[in-house]
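The structure appears right after this line, and notes come after that.
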Amino acid sequence: MVDAIVSPLLEQLISFAVEEVKQRRKKKVCSCFPATCFGFKQIFIRHDIAVKIQEINEELDDIAIQKDKFKFVESASKGSEKPGRVQSTSLIDEEEICGRVDEKNELLSKLLCESSEQQKGLHIISIVGMGGIGKNTLAQLTSNHDEVKRKFDKILWVCVSDTFDEFRVAKAMVEALDGHESRLGKRFLLVLDDVWDGDYIKWKPFYHCLKNGLHESKILVTTRKGSVTSMMGSTDIISVKELTKE
Numbered sequence: 001m002v003d004a005i006v007s008p009l010l011e012q013l014i015s016f017a018v019e020e021v022k023q024r025r026k027k028k029v030c031s032c033f034p035a036t037c038f039g040f041k042q043i044f045i046r047h048d049i050a051v052k053i054q055e056i057n058e059e060l061d062d063i064a065i066q067k068d069k070f071k072f073v074e075s076a077s078k079g080s081e082k083p084g085r086v087q088s089t090s091l092i093d094e095e096e097i098c099g100r101v102d103e104k105n106e107l108l109s110k111l112l113c114e115s116s117e118q119q120k121g122l123h124i125i126s127i128v129g130m131g132g133i134g135k136n137t138l139a140q141l142t143s144n145h146d147e148v149k150r151k152f153d154k155i156l157w158v159c160v161s162d163t164f165d166e167f168r169v170a171k172a173m174v175e176a177l178d179g180h181e182s183r184l185g186k187r188f189l190l191v192l193d194d195v196w197d198g199d200y201i202k203w204k205p206f207y208h209c210l211k212n213g214l215h216e217s218k219i220l221v222t223t224r225k226g227s228v229t230s231m232m233g234s235t236d237i238i239s240v241k242e243l244t245k246e
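Taking full-length UniProt numbering, I'd label the letters of the sequence shown as residues 1 to 246.
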């Protein structure tokens with residue numbers, strides 16, 4: 001039930017972002033005649049987008065309430081439960097990091113590189129490696145880098161864990177806009193941390209909504225499973241190995 005409602009909402013959100021991109025492009029073409037090309041019509045379009053985003057946010061809040069009220073839970077096979085893991089954040093002390101200079105530089109290069117006009121689709125970078133190897137730390141370190149912060153107008157961080165919760169990811173994206181339609185059409189970095197779920201059916205609507213949207217936006221994924229990188233259609237894969245003892 002929740003998935004059936006959230007997917008259309010996410011599609012609406014991305015469609016508004018795409019519409020904003022189109023309006024920005026039109027504005028560049030007609031920059032010499034701003035009053036003639038836009039005028040009050042442009043103001044109304046931006047207002048409508050802001051209102052729609054607010055409506056979506058309210059609908060997602062209602063879904064969250066209903067989810068708790070009726071105790072909706074993700075279905076799982078018996079005996080398949082995994083031990084709980086600490087929910088990650090994008091905060092880290094860089095002084096505590098050592099031994100991952102090569103991986104850090106490689107990831108920074110992938111995040112900061114400009115996509116060519118010929119490069120179609122969404123740029124997805126995956127960090128893959130065994131548990132406790134430092135994937136999360138590497139993602140935090142690079143997403144907090146000054147150059148990365150300058151490149152992307154918004155950095156979104158979502159800890160996915162066992163199941164790909166469409167509600168939580170959609171909610172995080174909507175909340176990040178904070179009701180400001182001016183943030184639409186800008187470059188974002190979406191970090192999906194600790195992805196276990198390799199179900200393409202869940203990932204497909206997100207991918208198709210985002211892939212034709214915002215140019216130069218990127219998704220950074222951390223996962224233990226190589227199958228996840230394939231399922232998500234990763235553009236680049238960075239394998240994190242155990243550090244050698246010296």
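Don't be surprised by glycine CBs; every beta carbon is placed ideally from N, CA and C.
- In the structure shown, the three-state DSSP call for I133 is coil.
- Using a C-beta cut-off of 8 Å, the stretch 127-134 makes no contact with the stretch 154-168, since fewer than three inter-stretch Cβ pairs fall below that distance.
- Here the alpha carbons of R187 and K154 stand approximately 7 Å from one another.
- Between I125 and I219, the C-beta gap is smaller than 9 Å, which places the two residues in contact.
- CA-to-CA, the gap between L192 and S143 works out to about 12 Å.
- The Cβ atoms of L156 and G233 lie no closer than 9 Å to each other.
- As a beta-bridge residue in DSSP terms, I124 pairs with I219.
- Secondary-structure assignment with DSSP links S239 through a beta bridge to V128.
- The DSSP-derived three-state label of S230 is helix.
- By DSSP's assignment, V148 forms no beta bridge with any residue.
- For L111 and Q140, the gap between their C-alpha atoms comes out near 13 Å.
- Taking C-beta separations shorter than 6 Å and ignoring five residues to either side along the sequence, the partners of W196 in its chain run D162, following chain order.
- Around the Cβ of N136, a 10 Å sphere holds 16 or more other Cβ atoms; the residue is buried.
- Rounded to whole angstroms, the Cβ separation of R168 and G134 is 24 Å, and the two are not in contact under 8 Å.
- Between L108 and T222, the CB-CB gap reaches or exceeds 9 Å.
- In terms of Cβ geometry, L190 and V158 form a close pair [threshold 9 Å].
- In this structure, the beta-carbon distance from V228 to E103 does not fall below 9 Å.
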